[in-house]
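Have a look at the structure below, then the notes.
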Amino acid sequence: MTMTSKEECEETIPDLKVSNPEWQPFTNFANKIIIVDINKDGYNDLIVTSPTSKWLDLPEVGHVHLFINTKSQPFFDSKSTIIRGLPIAHSFFGWNAEVVGDLDGDGVNDFLVAALRVSESDSRGGVYVFLGGDNRVLRELTYYEIIQPTHTIGNELTGFGFFLSQKMVLDQSLNNYILMSRVFSGEVDVFRITPRAPIKIIAYIEPDRLVIDEEKNAQDFSLQIRYTNIEGSVYQEIKLSVIRSSNYLSFNGEYPLDTFVEEKALEGSFTHRYIVHLLPTYENIPSKLAIQAEITLVSKNEATNRPENEILFNQIFYHEVLYYKECTQKDCISDYDVTPRNKPVWYQNSDQPIIFNLLIKNNGYFLTHLIIDAGLSVACKITISNTEIVPVMDSKPIWLFRTKSNVRVLYKKITSSHGSFELSVQVQCGQVLDDRRDLTLRLLIKPVYQDNLKRFEFKATTKLAAEFTIENKRSPVITKHLCRDSEFREILEFKVELSFGGVSYDNDSLLSAVLFWDGSLNPVVDSILIESSDCSVVVEENLLRHPPNSVTQKFRILKDENIRTIRLSVSYMIRLRYSKDFHMTLKIEPVVGADIPYELKSIVTNETKYHAIISFKLCKNEWLMLVFSALGCCIVVICFCFLIYYIFPSRVVHPNRYVTYIVENSDRLDAY
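The opening position of the sequence shown corresponds to residue 1 in the UniProt record's numbering, with each subsequent residue numbered one higher.
Structure, rendered in structure tokens:
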């Protein structure tokens, strides 16, 4: 709001701007501006209406700002008294206002404020009457009465109060009248002002701001009701209740009550005080709390000392109690961060929800009561864990204006300094196949009791749900022959053939190559190489050596949709010293888990293992050793025979001189 001095003024007065960042946006601020001396101090004050503001999470309730002249430059500041009507949704309190002069004869100007509705069930509308007074009265200003159109019309929207006249004389008796139009029906109501000293009741709360601290101390505040202009004896009925937080408040200090009712006789002018006890359960207090006081005064029968049926006064007062944080540390820091804990994915051809797992870390003083606005560019249902949904979201933040789905929630749990908590945002969207853009979640977070609003964006990758199959083709057993009793370093290569079926293969899906063996072995796998001429292979993470009898390598296959068969070469560099035959087994399978949208059994059509047998043989050196060993044995045997033949007989057989011939065949001898 800008006010400029008169043109041609000798001294240039700078434009005065009245603004406050804490005011609600989009309230039609300054829909109607009234300049009037409302406290009879000789200086003009300002009445500014905002008919579309919210109150107690109700949309378009409306309120009025009252700016009191400071009597020095600048004449007005951003501090104002908020004047309200009844908390009725879509009542548009303040859609019109007008000064009507002095109605109650106290010499102070009074004013009227129009509203389209004054109750949930009555659409005729009404005009609130506010009686001016001194600054103390204005600080707790509440309406005196509500004027409604005649009861002969039906319960329909009339636009009552579109035009409000000032006080005027219309008859010869010099009676004052006020004209109020019904713009939708084309009629005008004429009301005569009856001079009298009205009963005035002012209700206010002390203190109206309560401290929220980490120690959770119990606190009390008082509701004070001041009565004036009560003539004679009257009978009062007062009903006290709490809006939105009756479970944690009490009017008697012993136990919570939804409504406190008291009936008693009154006489004269006085102030009555009611103590309200706030139980120390700060985790469950609301972001806003309002005390409702319905006061009814009826005339009292002097003979019976009981109330009669004549109602002298009936009015409902609403007063808000605000909370604020009081830091007890020297350096009070109000800061927090939100980081993602997962990589959310939106599978557009399935009904699977999108999960955003977030971690909120408090980097400053204790944190509590976060108002979280969440918005998406797609019409979806948003659910946030461990929060309470605010019933009505009437004013969407500017940052979320282009979003198609929104939710506003309240997180009420306390997070201590340097503490953290997890927040899960679940998004349920319908199937969308014509838009492949990534989904963006926008979060607008503001602590209720501190001014530290932050904005965050998190993206969910858009994909089509996995509807593919993987088939492992069988291959012959790999056989390797190694030298016995030697430490070897060998490359073990497996030829793997994978056949992909179905549609929408997920290139981000993880596969694992698991090589395992018998537990008695202790091989060392130095490295692994996975490659293919049909596609790209991306190795993920390091080689996993757990459990002890296996090694696992995760990888991804990046292929075109039209490629159905992939041939992989999986090679391991192995070091081992062993003398017995053994075998190793390779298994290729998808990696499944909490963030994977499919199960192992749903995409693997057959489970095939690839085997390698390691056997040991006699190598060249061993053959040479055997040959030389055999030759050595032969030489030893021959030498031994020579020893037996030449040395051993000569020592055992001796010659006989008496024997000349030994004849075995006597026939040959005779012939001779």
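The C-beta atom is built at its ideal place from N, Cα and C for all residues, glycine as well.
Query, Result
"I need the boundaries of the alpha helix (DSSP H) containing Trp346, first residue and last residue.", "Looking at the DSSP string, Trp346 is not in any alpha helix (DSSP H); the run it does join, the beta strand (DSSP E), is 345-347."
"Count the other CB atoms within 10 Å of the CB of Asn522; is the residue buried (16 or more) or exposed (fewer)?", "exposed"
"Could you compute how far the alpha carbon of Tyr255 sits from the alpha carbon of Leu210?", "At Tyr255, the pLDDT of 39 sits below 50, so the modelled position is not reliable; the number obtained from the coordinates is stated separately. Each residue's Cα considered, the two are about 20 Å apart."
"Roughly how many whole angstroms lie between the Cα atoms of Gly364 and Pro340?", "20 Å"
"Tell me the rounded alpha-carbon separation between Arg436 and Ser475.", "39 Å"
"Which two residues bound the contiguous beta strand (DSSP E) that contains Cys483?", "478-483"
"Within 10 angstroms of its Cβ, does Ser19 collect 16 or more other Cβ (buried), or is it exposed?", "exposed"
"According to the Cβ coordinates, are Ile574 and Asp534 closer than 7 Å?", "no"
"Tell me which residue opens and which closes the alpha helix (DSSP H) that Phe642 is part of.", "620-642"
"Which one of Gly94, Ile47, Leu179 has the shortest CA to CA distance from Lys54?", "Gly94"
"Am I right that Ser123 and Glu156 are in contact with their C-beta atoms under 8 Å? What's the rounded C-beta distance?", "6 Å"
"Going by DSSP, name the residue or residues bridged to Lys617.", "Cys483"
"Using the C-alpha atoms, what's the distance from Phe516 back to Leu443?", "47 Å"
"Tell me, to the nearest whole angstrom, how far the beta carbon of Phe191 is from that of Ile147; I am working on the premise that it is less than 8 Å.", "6 Å"
"Have a look at Arg117, Cys429, Asp134, Gly133 and flag the residue whose alpha-carbon is nearest the alpha-carbon of Gly126.", "Arg117"
"Would Leu441 be called buried (16 or more neighbouring beta carbons within 10 Å of its own) or exposed?", "buried"
"Between the C-alpha atoms of Val496 and Ser569, what's the straight-line distance to the nearest angstrom?", "6 Å"
"Would you mind stating whether Leu543 and Val551 have Cβ atoms separated by less than 7 Å?", "yes"
"Indicate whether Leu223 and Tyr274 have their beta-carbon atoms separated by less than 7 Å.", "yes"
"Residues bridged to Tyr336 by DSSP?", "Asn362"
"For the beta strand (DSSP E) that contains Arg192, what are its first and last residues?", "187-192"
"Please classify Tyr318: does DSSP put it in a helix, a strand, or coil?", "strand"
"I'd like to confirm something about Ser499: is its beta-carbon nearer than 6 Å to some heavy atom of the ligand SAH, or not?", "Questions concerning the ligand SAH fall outside what the structure shown contains, since it holds no ligand whatsoever."
"Who are the Cβ neighbours of Thr49 in its own chain at under 6 Å, not counting the five residues just before and after it?", "Asn31, Lys32, Val64, Gly94, Ala97"
"Specify, as a first and last residue, the run of the beta strand (DSSP E) that Leu376 falls within.", "370-376"
"Does Arg136 come out as helix, strand or coil in the three-state DSSP assignment?", "helix"
"Can you tell me which of the three DSSP states Tyr204 falls into?", "strand"
"Could you have a look at Tyr505 and say whether DSSP puts it in helix, strand or coil?", "coil"
"From Lys17 to Asn69, what does the alpha carbon distance come to, in whole angstroms?", "14 Å"
"Return the CA-CA distance between Asn349 and Asn342, expressed in angstroms with no decimal places.", "21 Å"
"Out of Glu493, Cys641, Gln172, Val537, point me to the one whose CA is closest to Leu510's CA.", "Val537"
"Find the nearest neighbour of Cys483 within the set Lys580, Ile311, Leu297, judged by alpha-carbon distance.", "Lys580"
"What does the Cβ neighbour count give for Gln73, buried or exposed, with the cut at 16 atoms within 10 Å?", "exposed"
"Which of helix, strand or coil does DSSP assign to Val18?", "coil"
"Have a look at Asn229, Val409, Arg182 and flag the residue whose alpha-carbon is nearest the alpha-carbon of Ala115.", "Arg182"
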